[in-house]
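Q:
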Amino acid sequence: MAFPQPKPQAPQLPQHLLRTINCQQGAVRAVRFNADGNYLLSCGSDKSLKLWGVSRGTLLKTYSGHGYEVLDADGSYDNSQLCSCSSDKSVILWDVASGQVIRKLRGHAGKVNCVQFNEEATVILSGSIDGTVRCWDTRSRRFEPIQVLDEAKDGISSVKVVQHELLTGSVDGRVRRYDLRMGQLHVDFINSPITCVCFSQDGQCTLSSSLDSVVRLLDKSTGEMLGEYTGHKMKSYKLDCCLSSKDTHVLSCSEDGHVYCWDLVEGSLSLKLPVGKAVVQSLSFHPTETCLLTSMEGCVQVWAAEPEETQDEVTMAT
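The opening position of the sequence shown corresponds to residue 1 in UniProt numbering, with each subsequent residue numbered one higher.
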């Protein structure tokens, strides 16, 4: 006798606000999970970078050394180092535990919009308004980059690196994918300034958001358009987009105070998350769990699929 198969559960979405962290560092320009999702980084317009514990929202360390607002940051896979970039044209490599500057990397001719480690944290990649991506060796004492990618005709707004592939988004309306192993460059023309790019978790697709208020999903190898996601407002700010940890949903910041969340396959709007009354500047999805970070003005919000259990409920359950 066969039993009917249980219906697959619809993937949950982070719609419960667990906590709001008042970062006290001016406007929070970017918020990022670290590699395992236990910590978050907030980049402030007051020149500081802060490290927080996600579960309680406790401040663990403040990193000071930039001369102007911090625009992006990334943590190494082993949580021992951070890198950050700023409007002061510099990239800084930090020691997490001591809070000390290990290296200050200068070479960009304008503000540095985005920064990321490669997977082994041996290279930092930084993208600037000067139209270049610079690759810095974290282990050598050399002060010049090991490689400069200058194919873009305008500023670089976003960089992502996975294994041997580098994805960049530029104000010139092009998404460029560099195969560093094969020495190849693939270009997709969007015809609107790109604000953010990322790879899907399975590595088969690229996602890009642009100032025509459209998020696009492209097949990585063919450049074929797989999906367009609209309804949000992105006209004048450099805002983030991302995929959920299991590639089920596409998420984007919006200038109307919401985070929009679409079903990846159907393209339908699954959730319109009300964050506040200002522009949602940045977002970051947890690497494995249904948890989302958003930033608005001077605060960071932590969202989850379920409301947090209170201490009384936990005591009663035990």
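Ideal Cβ placement from N, Cα and C applies to all residues, glycine included.
When you compare the CB positions of S208 and I194, do they come within less than 8 Å of one another, or not?
A: Result yes, Cβ atoms of S208 and I194 sit closer than 8 Å.
Q: Could you check which residue in L166, G276, P307 and L60 has the C-alpha nearest to that of C291?
A: The candidate whose alpha carbon is nearest that of C291 is P307.
Q: In the DSSP assignment, find the beta strand (DSSP E) that holds C43 and state where it starts and stops.
A: Taken as a continuous stretch (DSSP letters only), the beta strand (DSSP E) holding C43 covers Y39 to G44.
Q: Go through its chain and collect everything with a Cβ distance to W136's Cβ below 6 Å, but skip five positions before and after it.
A: L105, I124 and P145.
Q: Might you give, ordered along the chain, the residues of its own chain that have their beta carbon closer than 7 Å to the beta carbon of R134, omitting 5 neighbours on each side?
A: Excluding sequence neighbours, R134 sits near G107, H108, S126, P145 and V148.
Q: Determine the burial state of F189: buried for a count of at least 16 other Cβ atoms within 10 Å of its Cβ, exposed for fewer.
A: Burial call: exposed.
Q: Is the beta carbon of L18 less than 8 Å from the beta carbon of V300?
A: Not in contact: L18 and V300 (Cβ atoms no closer than 8 Å).
Q: Please say whether L217 and G227 have beta carbons closer to each other than 8 Å?
A: Yes, Cβ-Cβ distance for G227 and L217 is below 8 Å.
Q: So K272 and E255 are supposed to be a Cβ contact under 8 Å. How far apart are they, rounded?
A: Contact flag wrong, Cβ pair sits at about 14 Å.
Q: So does Y237 have its beta carbon nearer than 7 Å to some heavy atom of the ligand FAD?
A: Ligands are entirely absent from the displayed structure, and the ligand FAD is therefore not among its contents.
Q: Any idea if D36 is buried or exposed, counting beta-carbon neighbours within 10 angstroms, 16 or more meaning buried?
A: Per the 10 Å Cβ criterion, exposed.
Q: Just to confirm the assignment, what range does the beta strand (DSSP E) spanning V31 have?
A: Unbroken beta strand (DSSP E) run through V31: V28 to F33.
Q: Can you list, in chain order, the residues of its chain whose CB lies under 8 Å from that of Q311, leaving out five sequence neighbours each side?
A: With a pLDDT of only 42 at Q311, under the threshold of 50, the placement of this residue in the model should not be trusted; the figure read from the coordinates follows. For Q311, where only same-chain residues beyond five positions count, there are no Cβ hits under 8 Å.
Q: Return the CA-CA distance between S282 and K238, expressed in angstroms with no decimal places.
A: Distance between the alpha carbons of S282 and K238: 9 Å.
Q: Note the first and the last residue of the continuous beta strand (DSSP E) segment covering K246.
A: Run containing K246: none; DSSP gives neither H nor E here.
Q: Only counting the same chain, and skipping five residues up and downstream in sequence, which positions put a Cβ closer than 7 Å to that of K235?
A: Correct list, in chain order: L211, S213 and E255.
Q: So what's M182 in DSSP terms, helix, strand or just coil?
A: In this structure, M182 counts as coil in the three-state DSSP scheme.
Q: Please list, in chain order, all residues of the same chain as Q100 whose beta carbon is under 6 Å from its beta carbon, the five residues on each side excluded.
A: Closer than 6 Å at the Cβ level, and outside the excluded window around Q100, lies no residue.
Q: Would you tell me roughly how many angstroms separate the C-alpha atoms of P14 and E289, rounded to the nearest one?
A: Taking the straight line joining both Cα atoms gives about 9 Å.
Q: In terms of alpha-carbon separation, which member of S157, S98 and A27 lies closest to I129?
A: Of S157, S98 and A27, the residue nearest in Cα terms is S157.
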